[in-house]
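If you're matching them up, the sequences are chains D and F in order.
No gaps in the numbering here: position 92 of the first sequence is 92 in this note's numbering, and each next residue is one more.
Counting from 1 along the second sequence, just add 1000 to a position and that's the residue number in this note's numbering.
In this text, a Cβ means the ideal position worked out from N, Cα and C, and glycines have one as well.
Predicted model, so just to flag it, every value in this text is computed and none were measured.
These notes concern the structure reproduced below.
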Amino acid sequence: MSIRERLSGNEAVAYAMRQINPDVFAAFPITPSTEIPQYFAQYVANGQVDTEYVTVESEHSSMSTCIGASAAGCRAVTATSSAGLAFMYEVLYVAASSRLPITLACVNRTLTGPININNDHSDSMGARDSGWIQIYAENNQEAYDNYLQAMRISETPDVRLPIMVCQDGFITSHAVENILLEEDAAVKAFVGEYHPEHALMGRDHPLAVGPYDNSPYCMEHKVQQAEAMKNAKRAILDVAADFEKTFGRKYGFFEEYRMEDAEVALVLIGSTAGTAKACIEDLRSQGIKAGLVKIRVFRPFPFEEIAAALSHVKAVAVMDKSEGYSAAGGPLFAEVRSACYDLPNPPKMIDVVYGLAGRDCAVQDVERVYRYLLKIVETGEVGPRYIHMGQRSAKEEVLGNGL
Amino acid sequence: MSYIQAKDINEKTPWQGLTPGGEIYEGGTSKLTLTGQWRVNRPAWNSALCRQCLLCAPFCPDSSIPVKDGKRLDFDLDHCKGCGICAKVCPFKAIRMEQEVHQ
Chain D
1 MSIRERLSGN EAVAYAMRQI NPDVFAAFPI TPSTEIPQYF AQYVANGQVD
51 TEYVTVESEH SSMSTCIGAS AAGCRAVTAT SSAGLAFMYE VLYVAASSRL
101 PITLACVNRT LTGPININND HSDSMGARDS GWIQIYAENN QEAYDNYLQA
151 MRISETPDVR LPIMVCQDGF ITSHAVENIL LEEDAAVKAF VGEYHPEHAL
201 MGRDHPLAVG PYDNSPYCME HKVQQAEAMK NAKRAILDVA ADFEKTFGRK
251 YGFFEEYRME DAEVALVLIG STAGTAKACI EDLRSQGIKA GLVKIRVFRP
301 FPFEEIAAAL SHVKAVAVMD KSEGYSAAGG PLFAEVRSAC YDLPNPPKMI
351 DVVYGLAGRD CAVQDVERVY RYLLKIVETG EVGPRYIHMG QRSAKEEVLG
401 NGL
Chain F
1001 MSYIQAKDIN EKTPWQGLTP GGEIYEGGTS KLTLTGQWRV NRPAWNSALC
1051 RQCLLCAPFC PDSSIPVKDG KRLDFDLDHC KGCGICAKVC PFKAIRMEQE
1101 VHQ
């Protein structure tokens, strides 16, 4: 039986961690993820878990601790945000290339600078090519459910890749929502125990992890890693299917909301999906066929599946909650637009960069994007493809001047 | 359990045949890497001048001076990188560094 509760996103993740009882938690605080190690420290102090709780001096050290622990054969976890994730940059790649299934709760916050603590996706988007699986949540329930699925995906023998379970800082991490929790025994049974094939400790055979790899071998290992990321697609769907069978909540690579007959659609990640869904209901009541694709899995990127989901749509706005400074749009836009290139009739597609550093995005903002897409459909003219929304401006911007 | 052995891997092994992340499942595999090919200078041992004091062997950073029954043998030139430390520490001038000539 599920348990009805009300928790913040950070509480939900810490609760899931307690239920899983990982071997090692490497803890270093940074807003807005600080509460996760804070709540977990209470579980440790209360004796509710027997996790080795390692307090370290930096995020570079917390990830290094996870790498050591994971190589030893432990289930290792940590949590971070923003500059903390950036400080892990070097060792994120070590974790992935050493094929260590570490679980990182990423509470998305913008990257400095200018210094700011609020939400956007620039931290995890900066790590998108580090070889980590990335799964994003719309709300607290999804943050909890994704965390319960994370280790099984990451530890799948032909995957063996670390995983980032992301949620929006403050919007999700600090807002208290209704949530369905699962019983401890059911969670433990679902997640299972971690028994890696090779480990530094507790085995009667020697092992070296992360040795120097010279050029006759290193490319082959990177190809192995790329193959493992492809394998993760199957593992993600397998685990989601078992999760649905066990707990009744359905997950995939992305959620399609009112997409069956949609003529205009948004593609976005995270908590803005709730805002978009409210907007879609308003527009649908006015006879406008609006839809939404909410990305759950960004790494591995569901390339063919996204293209199929958008194949019948006339105009799409990809909503990037991070700047790529590419002068051509954000990272989600680049990938979604590329995915649609092979479609016989690809939708018209624009990029809307929004919500940077905590800039609010309300239902009326999302509505402006849909109305703009309707204009594109009506006129057949796309106009500028790379648009910012929500900034104050001295001139009339494409999607309003934010005043 | 799969234990791919280092001796079974070489520069012709396809990616499918390598261990994940380059893991190594045994000790002493550095023997299989012939670092002697990197050498610019090679040590020459004059056994007539050598007094078997064994000072050279522990100084060798590459364990390339084999010792058997309390006596050093000739250099392991498959692994000696030609650093010259042995020649420097030898009190009896029994080791001389010469220009390496690679084929």
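Check: Cβ contact (3+ pairs, closer than 8 Å) linking the segment 226-233 of chain D and the segment 1027-1035 of chain F; Outcome: no
Check: Test: D:Ala362 CB closer than 8 Å to a CB of chain F; Outcome: no
Check: Inter-residue Cα distance where the pair is D:Ala262 and D:Asp23; Outcome: 46 Å
Check: Any chain F beta carbon closer than 8 Å to D:Pro216; Outcome: yes
Check: Nearest-angstrom Cα separation, counted from D:Val297 out to D:Glu304; Outcome: 13 Å
Check: Closest Cα partner of D:Thr110 within the set D:Val369, D:Asp320, D:Tyr386; Outcome: D:Asp320
Check: Neighbour flag for D:Ala99 against chain F, beta carbons, 8 Å; Outcome: Ala is not the amino acid found at residue 99 of chain D; the sequence shown has Arg there. Yes, its Cβ sits closer than 8 Å to a Cβ of chain F.
Check: Closer than 8 Å to chain D by CB, F:Gly1036; Outcome: no
Check: CB of D:Asn139 within 8 Å of CB of D:Thr172, strictly; Outcome: yes
Check: Between the CA atoms of F:Lys1007 and D:Thr31 - distance to the nearest angstrom; Outcome: 49 Å
Check: Proximity of D:Ala12 and D:Tyr144 at Cβ, strictly below 8 Å; Outcome: yes
Check: Nearest candidate by alpha-carbon position, reference D:Ile67, set D:Glu378, D:Ala315, D:Ala276, D:Leu200; Outcome: D:Leu200
Check: Buried versus exposed, by CB contacts within 10 Å (16 or more), D:Lys294; Outcome: buried
Check: According to DSSP, residues forming a beta bridge with D:Arg18; Outcome: D:Arg18 is not bridged to any residue.
Check: Distance between D:Leu356 and D:Asn401 (C-alpha atoms, nearest Å); Outcome: 15 Å
Check: Residues of its chain near F:Arg1051, where Cβ-Cβ distance is below 7 Å and the 5 sequence neighbours each way are ignored; Outcome: Phe1092
Check: For F:Gly1021, the three-state DSSP class (helix, strand or coil); Outcome: helix
Check: Inter-residue Cα distance where the pair is D:Val398 and D:Thr34; Outcome: 38 Å
Check: Validate contact between the segment 125-134 of chain D and the segment 243-253 of chain D using beta carbons, cut 8 Å, 3 pairs; Outcome: no
Check: C-beta atoms of D:Ala76 and D:Ala26 nearer than 8 Å; Outcome: yes
Check: D:Ala208: contacting residues in chain F (beta-carbon distance under 9 Å); Outcome: Gly1022, Glu1023, Ile1024, Tyr1025, Glu1026, Gly1027, Thr1029
Check: Which of helix, strand or coil DSSP assigns to D:Ala175; Outcome: coil
Check: Classification of F:His1102 by the beta-carbon crowding that lies within 10 angstroms, buried from 16 upward; Outcome: exposed
Check: D:Leu283 to D:Asp365 span [Cα, whole Å]; Outcome: 13 Å
Check: Host beta strand (DSSP E) of D:Met125 (start-end); Outcome: No beta strand (DSSP E) contains D:Met125, which is instead part of the alpha helix (DSSP H) from 122-126.
Check: C-beta neighbour in chain D for F:Leu1032, strict 8 Å; Outcome: no
Check: Residues of the segment 218-238 of chain D whose Cβ lies closer than 7 Å to any Cβ of chain F, in chain order; Outcome: Glu220, His221, Val223, Gln224
Check: Cβ contact (3+ pairs, closer than 8 Å) linking the segment 115-123 of chain D and the segment 151-161 of chain D; Outcome: no
Check: Any chain F beta carbon closer than 8 Å to D:Asp129; Outcome: no
Check: C-alpha gap between D:Glu177 and D:Gln141, whole angstroms; Outcome: 8 Å
Check: Complete beta strand (DSSP E) runs within the segment 159-223 of chain D (minimum length 3 residues, chain order); Outcome: 163-168, 177-181
Check: Simplified DSSP state of F:Lys1068, which is helix, strand or coil; Outcome: strand
Check: Any chain F beta carbon closer than 8 Å to D:Pro211; Outcome: yes
Check: D:Lys233 burial status per 10 Å Cβ neighbour count (16 or more: buried); Outcome: buried
Check: Partner residues on chain F for D:Arg160, Cβ-Cβ distance less than 7 Å; Outcome: Pro1020
Check: Where D:Lys294 sits in the DSSP three-state scheme; Outcome: strand
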